[in-house]
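Colleague: The opening residue of the sequence shown carries number 2 in our numbering; numbering runs sequentially from there.
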Amino acid sequence: MLNLILQVVSLGGLLSFSVYGRVNLAVTVLLLYYTNERSVLHREITEMIFWACMYGWFGFIFIGLHDSPLLQLGEIKSVFGNLADVIIVLVFSLFGIWAHTSAQTERLASSIQELDLQMLVEKPYGETGAARFTVYCIQNLISQRSTSSGQLQRLAGRLQEVLTGRMHWLEEEVLQALEACCHRTDPKDPPEDLLYVLNCSEVDLPQFLALAGSEAILKILRDNIRHMDTVTKTRLVDALQRQHDFYVMRLQQEVVVELLESTTGDELRMMKDVLDEGGDFYNLHKLVFHDLDPEMYQRALSHIQKEGRRMAGQYEPHKAPIKIISDVDDTLYGSGGHFPAGCDERFPKSQVYPGVLALFKEITAERAMKQKEKAPKGEEDENEQPSFSVLRLLGYRVHNNTNPVWIRVPGRQWKDVTSHEKLLTPQKP
Numbered sequence: 002m003l004n005l006i007l008q009v010v011s012l013g014g015l016l017s018f019s020v021y022g023r024v025n026l027a028v029t030v031l032l033l034y035y036t037n038e039r040s041v042l043h044r045e046i047t048e049m050i051f052w053a054c055m056y057g058w059f060g061f062i063f064i065g066l067h068d069s070p071l072l073q074l075g076e077i078k079s080v081f082g083n084l085a086d087v088i089i090v091l092v093f094s095l096f097g098i099w100a101h102t103s104a105q106t107e108r109l110a111s112s113i114q115e116l117d118l119q120m121l122v123e124k125p126y127g128e129t130g131a132a133r134f135t136v137y138c139i140q141n142l143i144s145q146r147s148t149s150s151g152q153l154q155r156l157a158g159r160l161q162e163v164l165t166g167r168m169h170w171l172e173e174e175v176l177q178a179l180e181a182c183c184h185r186t187d188p189k190d191p192p193e194d195l196l197y198v199l200n201c202s203e204v205d206l207p208q209f210l211a212l213a214g215s216e217a218i219l220k221i222l223r224d225n226i227r228h229m230d231t232v233t234k235t236r237l238v239d240a241l242q243r244q245h246d247f248y249v250m251r252l253q254q255e256v257v258v259e260l261l262e263s264t265t266g267d268e269l270r271m272m273k274d275v276l277d278e279g280g281d282f283y284n285l286h287k288l289v290f291h292d293l294d295p296e297m298y299q300r301a302l303s304h305i306q307k308e309g310r311r312m313a314g315q316y317e318p319h320k321a322p323i324k325i326i327s328d329v330d331d332t333l334y335g336s337g338g339h340f341p342a343g344c345d346e347r348f349p350k351s352q353v354y355p356g357v358l359a360l361f362k363e364i365t366a367e368r369a370m371k372q373k374e375k376a377p378k379g380e381e382d383e384n385e386q387p388s389f390s391v392l393r394l395l396g397y398r399v400h401n402n403t404n405p406v407w408i409r410v411p412g413r414q415w416k417d418v419t420s421h422e423k424l425l426t427p428q429k430p
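1) Go through its chain and collect everything with a Cβ distance to V431's Cβ below 8 Å, but skip five positions before and after it.
2) Per the contact definition of three or more C-beta pairs closer than 8 Å, is the region 281-295 in contact with the region 238-252?
3) Can you tell which of I88, H101, Y34 and I226 has the C-alpha that lies nearest to the C-alpha of A53?
4) Judging by CA-CA distance, which residue of L237, H228 and T106 is the nearest neighbour of D187?
5) So, at 6 Å on beta carbons, what are the nonlocal neighbours of A342 in its own chain, with the 5 sequence-adjacent residues on each side left out?
6) Could you pull the DSSP bridge partners for D330 from this structure?
7) Output yes or no for whether 8 Å exceeds the beta carbon distance between F51 and Y34.
8) For V353, which beta-bridge partners are listed by DSSP?
9) Taking 8 Å as the threshold (C-beta atoms), are A131 and D224 in contact?
10) Quick one: using the 10 Å Cβ neighbour count with 16 as the cut-off for buried, is R243 buried or exposed?
11) Quick one: Cα of L176 to Cα of I218, how far?
12) Pull up the distance between the alpha-carbon of L439 and that of Y334, whole angstroms please.
13) Looking only at its own chain, which residues have a Cβ that is under 7 Å from the Cβ of V256, when we skip the five neighbours before and after it?
14) Rounded to the nearest angstrom, how far is the Cβ of M272 from that of K234, given a contact under 8 Å?
15) With N141 as the anchor, note down where its alpha helix (DSSP H) starts and where it stops.
16) I'd like to know whether the C-beta atoms of A213 and L109 end up nearer to each other than 8 Å.
17) Would you decide whether D190 is buried or exposed? Buried here means 16 or more other CB atoms lie within 10 Å of its CB.
18) What does the Cβ neighbour count give for G356, buried or exposed, with the cut at 16 atoms within 10 Å?
19) Could you tell me the alpha carbon to alpha carbon distance between M49 and R146, rounded to whole angstroms?
20) Report the three-state DSSP secondary structure of L89 (helix, strand or coil).
21) Sort I113, L171, S351 and L252 by Cα distance to S144 and report the nearest one.
22) Check for me: the alpha helix (DSSP H) holding M250 runs from which residue to which?
23) Here's the rule I'm using: 16 or more other beta-carbon atoms within 10 Å means buried, otherwise exposed. How should F282 be labelled?
24) Hey, could you find the ends of the alpha helix (DSSP H) N456 is sitting in?
25) Out of V30, L116, I46 and G97, state which residue places its alpha-carbon closest to the alpha-carbon of G279.
26) In or out: P125 buried (at least 16 other Cβ within 10 Å) or exposed?
27) Taking C54 as part of the alpha helix (DSSP H), name the residues at either end of that continuous run.
28) Is V90 buried or exposed, if buried means 16 or more other CB atoms sit within 10 Å of its CB?
29) Excluding the 5 residues flanking L269 on each side, which residues of the same chain have their C-beta closer than 6 Å to its C-beta?
30) In or out: C344 buried (at least 16 other Cβ within 10 Å) or exposed?
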C-alpha cells in the first residue's frame, strides 16, 4: 500500500513545490478520505478538523503563494505582510468549519420530528417540573450551539472531552436533568418524564443527540427501551440514523438495532411506515442495507424477516392487506407539463387526477371486504381499524371499508401533502 501511494505521489508530481503539485497532494488526500466511509477520518471531530485543514490548504495554494493562480488576490501580502498567510489559512479554515456544520444541519433536518404523532400514542405523557426543566436545558444547549461562535465552542468542547474526559457544562447540565427524569419510586414503572421529553414537540431530537449524544445519554436511552412506545422508538431511530457518527459509532447502531428488535407485529409495520414517509432518503431500507455494519445488519434483517413471516402467516393468501405504492407527478397530481416533474399538459399543475382516488379505493375494496370476514386474532375492531399510512399520520383513521393507501412521496413534493382535503377532494382548475 505504501509503495502504491509513493508511486502515485511520484507520477502526480506531488513531491514538487509547484502549485499544481500541491493541488495534486490535496486531491490525493481527498481520494483517501472518500475511500472508506467508516474510517476514523469520518468521525465528527476529525472530519471537522479535516475540512478546516483542507479549506485552509486550498486557500493557501490559490491565494497565499507567490505563484498563486489568483495573482491579484495574492497582493494581500503587500498589505498584511507576513501575517497574510496566517489570515488566509484562518479565514478559509473557518469557512471549512462553516461548510461542514451547514451540511450537518441539513442532514439533521427531519420532517418526522415535525409531525404530530400523538394520535398514535394510547395516552399523552403528563408534564412535570422536572420534564419542563429538561426541555429548557436542551433548548438552551441547541440555541447556544447554533451560532457561529457556538460551533467553535462545540469543536473546543469535543477536543476537551477527548483530551480530559470531561464534557462541557451545558452537556453535563442536560445529562443531570435527564438522570433526574429517570428517578421514580418503582423501577418497574415507566419513566414518564423521560418519555415526555423524548416526545415533546419543542425538542429537536436529531439536533439534541448531535450536540449531547454522549455514551452516558445513550446508556440512559438504552436502559429505558423496554418502557418506550412505538412513536418514541421511531423518533429515536430516525434521530440516531441522521447522526454524523452513526456509520462509525458502534453504540449508536446497537441502540437502533435494540429499538428495532423490541418492536414487533403491527408496531414494527407502523415504525417502517413512519420512517419511510419522512420525505427523504433516511428510511428503513437505507438504515438496514447501507448504514449498519455487517453484524448489526444481520441482527436487524433477521428480526424484520421473522416478524414479516409471522405477520404474513396470520392471513390467508387472498385476505392479506394490500398496500398501494404510487408516484405523485402525473399519477396523483398533474404536473402541468413542467419539466422535470412530468410531461402531461392536459391538467393544471397540482390538480388531482380525476378518478385516481376512486381507483385506489376500488383496488382495495374487495380485499377489505374479505378481511372483514375474518380479521387476524387480536386485531378485531367493531368500529374501525387503524391504518398506518399518510392519512393516519395526518391524524385520520381509515375505516374498515377502505384499506390503507400508501403514497410514496418524493422529498421535493413532501411539503405539498399537508392536508387530507388535498388528497380526498378533487381540486378545480
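Glycine is no exception: its CB is placed at the ideal position from the N, C-alpha and C atoms.
Owing to the predicted nature of the structure, the values given are computational and were not obtained by experimental measurement.
Modeller: Quick look at the numbers:
1) With the chain covering only 2 through 430, there is no way to say anything about residue 431.
2) yes
3) Walking along the sequence shown from the start, residue 53 turns up at place 52. Minimum Cα distance to A53 is reached at H101.
4) As a working note, residue 187 is residue 186 in the sequence shown. Closest option to D187, Cα to Cα, is H228.
5) Stepping through the sequence shown from its first residue, residue 342 is reached at position 341. Within the same chain, A342 has close Cβ partners D330 and S336.
6) To locate residue 330, count along the sequence shown from 1; it is residue 329. Looking at the DSSP assignment, D330 forms a beta bridge with Y334.
7) Counted from its first residue, the sequence shown places residue 51 at position 50. Counted from its first residue, the sequence shown places residue 34 at position 33. Yes, Cβ-Cβ distance for F51 and Y34 is below 8 Å.
8) As a position in the sequence shown, residue 353 is number 352, starting the count at 1. Note: V353 sits in a beta bridge opposite Y334.
9) Your numbering for residue 224 matches position 223 in the sequence shown. Your numbering for residue 131 matches position 130 in the sequence shown. The criterion of a C-beta distance shorter than 8 Å is not satisfied by D224 and A131.
10) For this step, residue 243 is matched to residue 242 along the sequence shown. It is buried - the Cβ of R243 has at least 16 other Cβ atoms within 10 Å.
11) In the sequence shown, residue 176 corresponds to position 175, counting from 1. In the sequence shown, residue 218 corresponds to position 217, counting from 1. Roughly 6 Å separates the two Cα atoms.
12) It is not possible to answer for residue 439, since the shown part of the chain is limited to 2 through 430.
13) As a first step, residue 256 is located in the sequence shown; it is residue number 255 there, counting from the start. Result list for V256: L219, L222, R223 and L241, in chain order.
14) As a position in the sequence shown, residue 272 is number 271, starting the count at 1. As a position in the sequence shown, residue 234 is number 233, starting the count at 1. About 6 Å separates the two Cβ atoms, so the contact holds.
15) Walking along the sequence shown from the start, residue 141 turns up at place 140. G130 to R146 is the extent of the alpha helix (DSSP H) around N141.
16) Working through the sequence shown from its first residue, we reach residue 213 at position 212. Working through the sequence shown from its first residue, we reach residue 109 at position 108. No, they are not a contact pair.
17) Residue numbering aside, residue 190 sits at position 189 when the sequence shown is read from its first letter. Burial state of D190 is exposed, judged by a 10 Å Cβ sphere holding fewer than 16 other Cβ atoms.
18) In the sequence shown, the residue the question calls residue 356 occupies position 355. The residue is exposed, with fewer than 16 neighbouring Cβ atoms inside 10 Å.
19) As a working mapping, residue 49 is identified with position 48 in the sequence shown. As a working mapping, residue 146 is identified with position 145 in the sequence shown. Each residue's Cα considered, the two are about 15 Å apart.
20) Here residue 89 is taken as the residue at index 88 of the sequence shown, counted from 1. A small fix is needed here, since residue 89 is Ile in this sequence, not Leu. DSSP places I89 in helix when its eight states are reduced to three.
21) Taking the sequence shown and counting its residues from 1, the one referred to as residue 144 is at position 143. Nearest in C-alpha terms to S144, of all of I113, L171, S351 and L252, is L171.
22) Counting from one through the sequence shown, the residue named residue 250 turns up at place 249. Careful: M250 lies outside any alpha helix (DSSP H) and carries neither H nor E.
23) Position 281 of the sequence shown holds residue 282. Residue burial is scored here from C-beta neighbours: F282 has fewer than 16 other C-beta atoms within 10 angstroms and is therefore classed as exposed.
24) No information on residue 456 is available, as it lies outside the stretch 2 to 430 that the chain covers here.
25) Here residue 279 refers to the residue found at position 278 of the sequence shown. Nearest option by C-alpha distance: L116.
26) For the purposes of this step, residue 125 is identified with residue 124 of the sequence shown, where counting begins at 1. When all chains shown are included, P125 counts as exposed.
27) Locating residue 54 in the sequence shown gives position 53, counting from the first residue. From DSSP, the alpha helix (DSSP H) with C54 extends over E45 to G60.
28) One-based indexing of the sequence shown puts residue 90 at position 89. Flag for V90 reads buried.
29) Counted from its first residue, the sequence shown places residue 269 at position 268. Excluding sequence neighbours, L269 sits near E308.
30) The residue labelled residue 344 in the question sits at position 343 within the sequence shown. Exposed.
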